[in-house]
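Comments concern the structure below.
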């Protein structure tokens, strides 16, 4: 049995096609590197769009990609795919299965959840047809159901997929694990943090409209500003920083806490992306923890229990609670938080949780005596 991780490139030059996606791009890149560290080999493919590519050319191309496969090998593939098209992905899956090899889909992003597409009720045929009219959603249903193993962000994400596939009388594999806090491959050499009144926020500001309504007493470093967000600098409590490469940002986080929060309003977590965090693991979580920085998270986020159980941050219902929570933390309390974070952070930087999820899934695929158990690391 050999393990492969599918790796895409978008140009003739070495590089990573998702790097401009910031933390989420690095998150994907790191998973590929973590897989190689536990014995996987790269299976290389090129990103291109050719929806009417002749069948003989497509089959020849895919034969080259999968030529190293043998029976009972396993291929880790990230979901979603780049813009290859459903026909290309289906042909790839057919090629892998033709060898007798196994497909393990690693969910990076789930379109239907991200867009807050409500599942139709069971038996509502009209609602089901409207739901499946979105090609990105129908791809989820058709292609994810073909996985021999599945690695998801959280148990709620797996339960959602299970319900989604049930609508079209498809089953989902029980060879599943959740990678919970994920990982952030990095080297940390900063000094020990001390308690201050400043918080860090790094990420896609498209999902951070709440920043415009923060009280002036809320001191925050904001990384990743776009030109349209320059007016945030007019707020005296906001210290704006330009975009920082995701490999470097861990060394520039200077606050006492990292804020993991997406919302269209202040103080409550609102909007599609806020709802998405009930299922998804934010890349910001592993980024902060890899930098030995305690976190502030929403109580309904899928990773809130991990934060609370490991005592690596503050869990709140809404941002209006935060000033009082912070005021109650003494230097000794914060020192204890740092101790807890430093116990977890080496596991984040080494990709322990993702690597264990891979081993858990492969163990279930190749040992059917345990195929009904669901192993998760988000609890």
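Numbering (our numbering), first residue to last: 38 to 416.
Here a beta-carbon is modelled for each residue, glycine too, at the ideal position from N, C-alpha and C.
It should be emphasised that the depicted structure is a prediction, and the values quoted were computed from it without experimental measurement.
Discussion item. Here's the rule: buried if 16 or more other CB atoms are within 10 angstroms of the residue's CB, otherwise exposed. What is residue 166?
Written reply: When all chains shown are included, residue 166 counts as exposed.
Worksheet entry | CA-to-CA distance, residue 214 to residue 337, given in whole angstroms | Roughly 21 Å separates the two Cα atoms.
Worksheet entry | Opening and closing residue of the alpha helix (DSSP H) in which residue 309 lies | Per DSSP, residue 309 belongs to the alpha helix (DSSP H) from 309 to 313.
Item to complete: Look up residue 368 in the DSSP assignment and say whether it is helix, strand or coil.
Response: Collapsing the DSSP output to three states places residue 368 in a helix.
Item to complete: Counting only the same chain and skipping the five closest in sequence on each side, list residues whose C-beta sits under 7 Å from that of residue 405.
Response: The predicted position of residue 405 is uncertain, since its pLDDT is 48 and thus under 50; no value can be drawn from it.
Worksheet item: Which residue's Cα is closest to the Cα of residue 287: 400, 210 and 386?
Response: Of the candidates 400, 210 and 386, 386 places its Cα closest to the Cα of residue 287.
Item to complete: Determine, using beta-carbon pairs with one atom in the segment 239 to 249 and one in the segment 377 to 385, whether at least three such pairs fall under 8 Å.
Response: No, because fewer than three Cβ pairs between the segment 239 to 249 and the segment 377 to 385 fall closer than 8 Å, the two stretches do not touch.
Worksheet item: Does the distance from the CB of residue 316 to the CB of residue 191 come in under 8 Å?
Response: Between residue 316 and residue 191, the C-beta gap is smaller than 8 Å, which places the two residues in contact.
Discussion item. Please state the DSSP three-state secondary structure of residue 185.
Written reply: Residue state, collapsed to three classes: coil.
Practice prompt. Would you mind sorting residue 118 into buried or exposed? The rule is 16 or more other CB atoms within 10 Å of its CB.
Written response: Under this definition residue 118 is a buried residue.
Discussion item. Taking the straight line between their C-alpha atoms, what separation do you get for residue 70 and residue 153?
Written reply: Whole-angstrom Cα-Cα distance: 31 Å.
Worksheet item: Does DSSP put residue 44 in a helix, a strand or coil?
Response: Residue state, collapsed to three classes: strand.
Worksheet item: Is residue 55 helix, strand or coil when you go by DSSP?
Response: DSSP places residue 55 in coil when its eight states are reduced to three.
Practice prompt. Determine the DSSP secondary structure at residue 80, reduced to helix, strand or coil.
Written response: Reduced to three states, the DSSP call for residue 80 is strand.
Fill in: Runs of beta strand (DSSP E) wholly within the segment 231 to 293 (minimum 3 residues, chain order)
Along the length of the segment 231 to 293, whole beta strand (DSSP E) runs at least 3 residues long occupy 235 to 239, 256 to 260 and 275 to 278, reported in chain order.
Worksheet item: Which residues does DSSP pair with residue 116 in a beta bridge?
Response: Looking at the DSSP assignment, residue 116 forms a beta bridge with 144.
Practice prompt. Tell me residue 322's beta-bridge partners as DSSP assigns them.
Written response: Residue 322 is bridged by DSSP to nothing; it lacks a bridge partner.
Discussion item. Looking only at its chain, what residues have a beta carbon closer than 8 Å to the beta carbon of residue 373, apart from the 5 residues adjacent to it on each side?
Written reply: Only 348 meet the Cβ criterion.
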